[in-house]
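Each residue of the sequence shown is one higher than the one before, counting from 24 in the numbering used here.
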Amino acid sequence: MVLIEVGKRLTSAVRSNESVFRVGGDEFVILVKQIHMESEIELVVQKIVLGFVPKFAAKDLLLDITLSIGVSISPDYSHDGNSLIHYADVAMFQAKKTDGCDYVIYSPQV
């Protein structure tokens with residue numbers, strides 16, 4: 024139930040030409056096209072995070088869901104889908120080191 028609601032909230036946070044995919048467990052991939060500046064990425068991430076401000080209702084519980092978001096940009100560091108997902112995963116694990124919601128954009132320094 025919670026993962027279905029997560030998928031719905033992610034889908035409602037992105038534009039109609041963007042895609043949301045569940046890749047396993049509690050991990051999702053969002054394909055965002057035509058981003059040219061880091062500030063545009065920040066706007067997308069903020070919109071996603073705002074979609075998770077309302078708590079999740081699961082039976083008799085209200086759940087706070089935190090997000091750890093990893094971002095990778097093509098063609099900066101990757102030219103194919105597998106590399107793009109791998110680098111986003113590396114960035115996500117960096118984001119998980121922080122409490123609460125956070126995001127990290129992949130760079131070789133990550």
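Here a beta-carbon is modelled for each residue, glycine too, at the ideal position from N, C-alpha and C.
Through-space distance from residue j to residue i, alpha-carbon basis
i      : j      : result
Thr34  : Ser42  : 8 Å
Ala36  : Ala114 : 21 Å
Phe79  : Val72  : 13 Å
Tyr100 : Ser106 : 8 Å
Ala118 : Gly104 : 21 Å
Ser95  : Leu26  : 23 Å
Leu90  : His102 : 26 Å
Pro131 : Tyr110 : 9 Å
Glu28  : His59  : 30 Å
His76  : Arg38  : For the record, residue 76 in the displayed sequence is Val; it is not His. Near 19 Å, if we compare the C-alpha coordinates of Arg38 and Val76.
Val133 : Phe116 : 10 Å
Neighbourhood of residue i by C-beta, 8 Å cutoff - its chain only, sequence neighbours within 5 removed
i     : result
Gly74 : Arg32, Leu33, Ser35, Ala36
Leu30 : The sequence shown places Gly at residue 30, not Leu. Once the five neighbours on either side are set aside, the close Cβ partners of Gly30 are Val43, Arg45, Phe51.
Glu61 : Ile128
Assumed close pair residue i, residue j - CB separation to whole angstroms, cut-off 8 Å
i      : j     : result
Val55  : Val46 : With a Cβ gap of about 15 Å, Val55 and Val46 do not count as contacting.
Val108 : Ile64 : It should be pointed out that residue 108 corresponds to Ile in this sequence rather than to Val. The Cβ separation is near 16 Å, so there is no contact.
Cutoff 6 Å; reference residue i; Cβ partners in own chain excluding five residues on either side
i      : result
Cys124 : Val72, Thr89, Leu90
Ser97  : Leu107
Other residues of its chain near residue i: CB distance less than 7 Å, five sequence neighbours each side excluded
i      : result
Asp112 : Gly93
Asn40  : Lys56
Ala81  : Met24, Val25
**Item:** Cβ contact (3+ pairs, closer than 8 Å) linking the stretch 77-87 and the stretch 41-58
**Value:** No, the stretch 77-87 is not in contact with the stretch 41-58.
**Item:** Segments assigned beta strand (DSSP E), at least 3 residues, entirely inside the stretch 61-130
**Value:** Within the stretch 61-130, the runs of beta strand (DSSP E) at least 3 residues long that lie entirely inside it are, in chain order, 79-81, 84-86, 91-94, 125-128.
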